[in-house]
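Q: Protein chains in written order, with the numbering used here: chain P, 1 to 238; chain Z, 1001 to 1016.
For glycine and all other residues, C-beta sits at the position ideal for the given N, C-alpha and C.
Sharing a structure with you now.
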């Protein structure tokens, strides 16, 4: 019970955007002119913008992790390993809150944007399509805020990440989180959710696709391109 | 840790 309260409190304290606000604004979409303006941006500028938004979201995930009972008791190597491997996955899970499945738009820089707004990302268009498909499938599960909170914690605290120094300790923390999640689902009669969650490999594949696209971008541009990207983004993905 | 200086710093920075 205590752990559940801690997960929910940590999630609420570090949530970037409130669910009520996202819901209230879900039909506030970019105009045709605004979409065209985004499409006219250079590929480099659009990548930088997206990297900036991803980095902001990841900073909130780091704060979430720091508040999770037991996370800061893991050794420093393992804290970094878990965040490096899981932060982007958590951001993708959170995206289902900021996604309107009725018109396939996502909250981006103040309004809801369709996939076409990201056209200037160039070859990363496939990635955008896959991310939108993932958000759509997660939205279909209609997860509550407490469920998203637990899913975030469970994505992060994963004992099978490579390079962990104390996987047993991580595994123990994960087991407690799983028990808390099961109790929550039982209480809300949502046990069926566990069987309907997308396989873990799907998140991993999306993250690999993101890194591959970034590598392809680097191959096509001078190394100075990355200087304009947020340092945390470079540290995690470059 | 050297490779993850920023992440390391964020983790060290209190609970804010």
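Given this structure, state the Cα-to-Cα distance separating residue 4/P from residue 122/P, to the nearest angstrom.
A: The count along the first chain starts at 1 and reaches residue 4/P at position 4. The count along the first chain starts at 1 and reaches residue 122/P at position 122. Distance between the alpha carbons of residue 4/P and residue 122/P is about 42 Å.
Q: Would residue 96/P be called buried (16 or more neighbouring beta carbons within 10 Å of its own) or exposed?
A: Working through the first chain from its first residue, we reach residue 96/P at position 96. That one is buried.
Q: Within the continuous beta strand (DSSP E) that includes residue 113/P, where are the two ends?
A: Start at 1 with the first residue of the first chain, and residue 113/P comes out as number 113. Taken as a continuous stretch (DSSP letters only), the beta strand (DSSP E) holding residue 113/P covers 111–114.
Q: Return the chain-ordered list of same chain residues with a C-beta closer than 6 Å to the C-beta of residue 118/P, the five sequence neighbours on each side being excluded.
A: For this step, residue 118/P is matched to residue 118 along the first chain. 128.
Q: Is there contact between the stretch 90–107 of chain P and the stretch 184–194 of chain P, where contact requires at least three CB pairs shorter than 8 Å?
A: No, the stretch 90–107 of chain P does not touch the stretch 184–194 of chain P.
Q: How about residue 162/P: is its C-beta nearer than 8 Å to some C-beta of chain Z?
A: In the first chain, the residue the question calls residue 162/P occupies position 162. So no, residue 162/P is outside the interface.
Q: Interface residues of chain Z around residue 79/P at Cβ under 7 Å?
A: On the first chain, position 79 is the one that residue 79/P refers to. Within chain Z, the residues near residue 79/P are 1011.
Q: Distance cutoff 8 Å, beta carbons only. Does residue 211/P sit that close to anything in chain Z?
A: Position 211 of the first chain, counting from 1, holds the residue named residue 211/P. False, the Cβ-Cβ gap to chain Z never drops below 8 Å.
Q: For residue 82/P, which residues in chain Z fall below 7 Å Cβ to Cβ?
A: Within the first chain, numbered from 1, the residue matching residue 82/P stands at position 82. In chain order: nothing, as chain Z lies at least about 11 Å away.
Q: Given that residue 232/P touches chain Z, what residues does it touch there, using C-beta distances under 8 Å?
A: Locating residue 232/P in the first chain gives position 232, where the first residue counts as 1. Those are 1006, 1007, 1010, listed as they occur along chain Z.
Q: Tell me which residue opens and which closes the beta strand (DSSP E) that residue 106/P is part of.
A: In the first chain, residue 106/P corresponds to position 106, counting from 1. That run of the beta strand (DSSP E) goes 105–108.
Q: Do three or more CB pairs link the stretch 124–140 of chain P to the stretch 205–218 of chain P at distances below 8 Å?
A: Short answer: they touch.
Q: So is residue 62/P in contact with chain C if we call contact Cβ pairs under 8 Å?
A: Among the protein chains in the structure shown, which are P and Z, there is no chain C.
Q: Apart from the five residues just before and just after residue 228/P, which ones in its own chain have a Cβ nearer than 8 Å to its Cβ?
A: For the purposes of this step, residue 228/P is taken as residue 228 along the first chain, with counting starting at 1. Here the set comprises 44, 48.
Q: In whole angstroms, give me the CA-to-CA distance for residue 1016/Z and residue 152/P.
A: Residue 1016/Z sits at position 16 when you count from the first residue of the second chain. Residue 152/P sits at position 152 when you count from the first residue of the first chain. Legend: pLDDT at residue 1016/Z = 36, less than 50; position of this residue unreliable, value from coordinates given subsequently. In a straight line, the C-alpha of residue 1016/Z is about 19 Å away from that of residue 152/P.
Q: Identify the contact partners of residue 235/P in chain Z, using a Cβ-Cβ distance below 9 Å as the criterion.
A: In the first chain, residue 235/P corresponds to position 235, counting from 1. Residues of chain Z passing the Cβ test: 1003, 1004, 1005, 1006, 1007.
Q: Can you give the Cα-Cα distance for residue 232/P and residue 83/P, rounded to whole angstroms?
A: Indexing the first chain from 1 puts residue 232/P at position 232. Indexing the first chain from 1 puts residue 83/P at position 83. Approximately 12 Å, taken between the alpha carbons.
Q: Exposed or buried, which one is residue 66/P when buried takes at least 16 other CB atoms within 10 Å?
A: By one-based count along the first chain, residue 66/P stands at place 66. Flag for residue 66/P reads buried.
Q: So residue 20/P and residue 1004/Z are supposed to be a Cβ contact under 8 Å. How far apart are they, rounded?
A: Working through the first chain from its first residue, we reach residue 20/P at position 20. Working through the second chain from its first residue, we reach residue 1004/Z at position 4. Between residue 1004/Z and residue 20/P the Cβ distance is about 35 Å, and since that is not below 8 Å, they are no contact.
Q: So what does DSSP say about residue 100/P, is it helix, strand or coil?
A: Within the first chain, residue 100/P is the residue found at index 100, counting from 1. DSSP places residue 100/P in strand when its eight states are reduced to three.
Q: In or out: residue 175/P buried (at least 16 other Cβ within 10 Å) or exposed?
A: As a working mapping, residue 175/P is identified with position 175 in the first chain. By the 10 Å Cβ count, residue 175/P comes out exposed.
Q: From 208/P, 37/P, 195/P, pick the residue whose C-alpha is nearest to that of residue 138/P; which is it?
A: Position 138 of the first chain, counted from the start, is the residue given in the question as residue 138/P. Nearest C-alpha to residue 138/P: 195/P.
Q: For a quick check, are the C-beta atoms of residue 166/P and residue 74/P less than 8 Å apart?
A: Within the first chain, numbered from 1, the residue matching residue 166/P stands at position 166. Within the first chain, numbered from 1, the residue matching residue 74/P stands at position 74. Contact: yes.
Q: Count the other CB atoms, across all protein chains shown, that sit within 10 Å of the CB of residue 79/P; report buried if there are 16 or more and exposed otherwise.
A: Position 79 of the first chain, counted from the first residue, corresponds to residue 79/P. Answer is buried; the Cβ neighbour count reaches 16.
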